[in-house]
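Protein chains in written order, with our numbering: chain L, 3 to 328; chain A, 119 to 382. In what follows, a structure is listed as structure tokens, so that the remarks can point back to it.
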Ligand SMILES: Cc1cc2nc3c(=O)[nH]c(=O)nc-3n(C[C@H](O)[C@H](O)[C@H](O)COP(=O)(O)OP(=O)(O)OC[C@H]3O[C@@H](n4cnc5c(N)ncnc54)[C@H](O)[C@@H]3O)c2cc1C
Ligand SMILES: Nc1ncnc2c1ncn2[C@@H]1O[C@H](COP(=O)(O)O)[C@@H](O)[C@H]1O
């Protein structure tokens with residue numbers, strides 16, 4: 003039987019998540035090293051329309067896996083159905099997004115189907131029979147190249163690492179439909195709850211000054227506030243741990259589980275630059291990073307790098323600005 | 119499960135402190151970390167430890183054990199966790215400093231946990247150094263247990279043999295579910311505010327509370343994947359590094375920003 007490269011689509015509230023198209027780009031990269039057929043699986047109780055859209059848009063083989071009553075992602079159901087169906091497709095690669103869904107599903111599915119599992123992949127390289135996968139380690143300070151000798155590999159792609167491919171008038175393809183049932187015995191989904199707070203102030207600001215754990219303590223947030231006053235209409239944001247500590251509100255969090263911002267200017271103060279933070283601010287027009295560790299990953303996405311202790315540097319910056327304004 | 123006699127295992131890992139320089143050893147194809155570097159408990163694991171201790175406060179018959187897989191040095195973080203509270207530390211001692219596949223780590227932890235009737239196994243959502251988010255869900259599958267990742271809220275109902283869980287998903291949404299015990303949960307940061315270790319607990323964290331197992335003595339497993347090389351990331355932007363004194367850097371930064379009309 004022919005080998006395959008499988009894409010597990012992600013959808014939410016009736017729409018494919020954009021990262022699904024990034025997965026198509028990822029699968030096409032993998033196909034350069036492995037002449038297998040790409041197939042996208044979309045699971046849910048009402049996914050026929052989504053499958054048709056995806057097939058029309060990409061020209062790929064798409065399977066609508068109709069699972070009655072499956073309205074949202076559920077690990078037990080996804081794992082149960084996929085571990086049953088995937089082996090028949092002889093998958094060499096199974097591609098998912100490195101999201102809260104992919105990260106939940108990939109490791110246990112890998113155990114079930116005896117696959118390797120490499121999460122948060124940002125790049126594929128190599129040659130035939132020797133393909134390797136790059137991913138961040140140590141808060142993005144280094145990039146590690148992974149290899150696997152397993153015959154099957156589950157890979158989760160870090161969102162935003164690869165552009166979605168441009169599809170030119172793909173040839174029409176027929177959508178396959180499978181029906182699957184799986185009775186969850188250990189877990190019952192109880193629904194998805196919407197966020198409590200809005201983060202409009204942050205996403206609409208032209209300048210965002212962000213605080214990381216490097217501010218050290220809550221009192222030092224004053225320094226970040228003072229800096230933000232250089233720009234009328236700016237907003238103060240922060241990394242997740244700063245919000246976890248209660249130094250800022252959660253609606254001020256920037257990153258995959260916070261706001262995605264793209265201001266004209268982003269000033270990152272004492273932020274290490276983990277991929278989950280960068281994903282929320284990499285689209286900013288101009289990025290200034292202040293960090294006392296010259297090896298911090300944030301400097302790789304910055305336009306200007308200031309290797310300094312923020313506690314002393316920021317007051318100095320404010321003072322220089324004051325001098326120049328009078 | 120009718121009694122409130124709850125057994126919890128918390129997985130904790132040591133990581134180098136975040137400002138430690140991460141060197142590269144090209145011959146080994148792995149990172150090189152200076153001997154003088156200090157290590158601390160993975161920040162995400164602090165939330166898992168705290169969550170276990172909160173359960174112990176709510177259900178006093180609870181026992182909380184901590185387990186780590188790592189070199190001799192990592193005994194320290196077990197002590198730190200015991201300093202926060204809890205009953206026993208289990209150290210699976212590895213040789214050397216190389217990369218450990220999540221399948222290997224999870225296999226050893228699962229071997230230890232198997233048959234010990236833990237109701238709850240908690241891990242951090244990811245390790246700050248490896249950043250895989252795999253060890254927890256992999257342990258769950260090795261033990262055929264249900265699992266929820268990125269847990270931002272949990273409410274245990276030992277009488278019903280259930281736990282209600284909210285997982286934090288993208289965009290601030292929460293995916294809620296009820297799982298049958300025993301379960302594995304990976305704990306997302308922000309679920310609680312981890313306490314500091316107390317001196318009396320630190321002193322209590324004596325030898326008899328520590329169990330040591332040589333990784334060599336355990337059954338080995340296929341790592342399925344490995345690291346073949348390490349590099350520094352490439353810069354995605356110009357990344358102009360400012361030089362000089364603080365004042366000079368401040369003036370240079372203001373000049374660049376004003377040239378781009380980004381500051382008045
Ligand atoms: C599923 C998931 C979702 C996540 N979502 C998000 C998210 O949405 N947003 C987010 O931010 N994170 C998120 N994270 C967490 C993320 O992985 C990192 O842990 C986090 O971004 C690190 O925050 P930080 O840079 O402030 O802290 P650290 O990594 O602790 O870095 C602190 C930095 O400050 C520097 N520093 C220290 N003192 C000073 C000083 N005096 N002067 C200058 N610099 C100093 C240090 O060199 C270091 O680089 C998520 C993680 C997971 C697993
Ligand atoms: N060597 C280890 N010893 C104990 N627990 C670990 C180890 N590695 C990972 N873990 C646990 O698994 C979580 C996820 O780690 P990772 O899969 O490496 O991202 C961590 O937060 C720990 O709770």
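Backbone N, C-alpha and C fix where the C-beta goes; we use that ideal spot for every residue, glycine too. The model shown is predicted, which means the values in this text are computed figures rather than measured ones.
Query                                                                                                                                                                              : Result
Taking only the alpha-carbon atoms, compute the straight-line gap between residue 120 of chain A and residue 278 of chain A and give it to the nearest angstrom.                   : With a pLDDT of 43 at residue 120 of chain A, under the threshold of 50, the predicted position of this residue should be treated as unreliable, though the coordinate-derived value follows. Rounded to whole angstroms, residue 120 of chain A to residue 278 of chain A spans 7 Å at the Cα level.
Suppose only complete runs of 3+ residues qualify. What are the beta strand (DSSP E) ranges in the region 241-301 of chain L, listed by chain order?                               : 267-271 and 288-293
Return yes when the C-beta of residue 76 of chain A is under 7 Å from any heavy atom of ligand 1, and no when it is not.                                                           : It is not possible to answer for residue 76 of chain A, since the shown part of chain A is limited to 119 through 382.
Would you say the beta carbon of residue 213 of chain A is closer than 7 Å to some non-hydrogen atom of ligand 2?                                                                  : no
Check whether the Cβ of residue 144 of chain L sits closer than 7 Å to any heavy atom of ligand 2, and report yes or no.                                                           : no
Using a Cβ-Cβ cut-off of 8 Å, state whether residue 224 of chain L counts as contacting chain A.                                                                                   : no
Does the distance between the C-beta of residue 317 of chain A and the nearest non-hydrogen atom of ligand 1 fall short of 7 Å?                                                    : no
Any C-beta of chain A within less than 7 Å: which residues of the region 101-115 of chain L qualify?                                                                               : 101, 102, 105, 106, 109, 110, 113 and 114
Run through DSSP, which three-state label would residue 227 of chain L get?                                                                                                        : helix
Can you check whether the C-beta of residue 130 of chain L is within less than 8 Å of a C-beta belonging to chain A?                                                               : no
Using the rule of at least 16 other Cβ atoms within 10 Å of the residue's Cβ for burial, across every protein chain shown, is residue 101 of chain L buried or exposed?            : buried
Would you list the residues sitting across from residue 6 of chain L in a DSSP beta bridge?                                                                                        : L:39 and L:93
Answer yes or no: the CB of residue 100 of chain L versus the heavy atoms of ligand 1, is any distance below 7 Å?                                                                  : no
Where do the ends of the alpha helix (DSSP H) carrying residue 86 of chain L lie?                                                                                                  : 77-87
Quick one: list the residues of chain L neighbouring residue 202 of chain A, beta-carbon separation under 8 Å, in chain order.                                                     : Within 8 Å Cβ-Cβ: nothing; residue 202 of chain A doesn't reach chain L, min ~17 Å.
Compare the C-beta of residue 378 of chain A against all C-beta atoms of chain L and say whether one is closer than 8 Å.                                                           : yes
When burial is assigned at 16 or more other CB atoms within 10 Å of the CB, is residue 209 of chain A buried or exposed?                                                           : buried
Using a cut-off of 9 Å between C-beta atoms, extract the partners of residue 129 of chain A located in chain L.                                                                    : Going along chain L, no residue has its Cβ under 9 Å from residue 129 of chain A, so there is no contact; the nearest lies around 14 Å.
With a threshold of 7 Å (Cβ to nearest heavy atom), would residue 344 of chain A be considered close to ligand 1?                                                                  : no
Just to check my reading of the structure: residue 116 of chain A and residue 241 of chain A have Cβ atoms closer than 8 Å, yes? What is that Cβ distance to the nearest angstrom? : Outside the shown range of chain A, which is 119 to 382, sits residue 116 of chain A, and nothing can be said about it.
May I ask you to check if the CB of residue 247 of chain L is nearer than 7 Å to at least one heavy atom of ligand 1?                                                              : no
By the criterion of Cβ-Cβ separation under 9 Å, what are the contact partners of residue 302 of chain L in chain A?                                                                : 350, 351, 352, 353, 354, 355 and 357
How long is the line joining the alpha carbons of residue 297 of chain A and residue 281 of chain A, rounded to whole angstroms?                                                   : 5 Å
Does the CB of residue 258 of chain L have a neighbour CB from chain A at under 8 Å?                                                                                               : yes
Please classify residue 310 of chain L as buried or exposed, where buried requires at least 16 neighbouring CB atoms within 10 angstroms.                                          : buried
Among the residues of its own chain, which have a CB less than 8 Å from the CB of residue 229 of chain A, if the five just before and after it don't count?                        : 336 and 337
Does the beta-carbon distance from residue 121 of chain L to residue 347 of chain A come in below 8 Å?                                                                             : no
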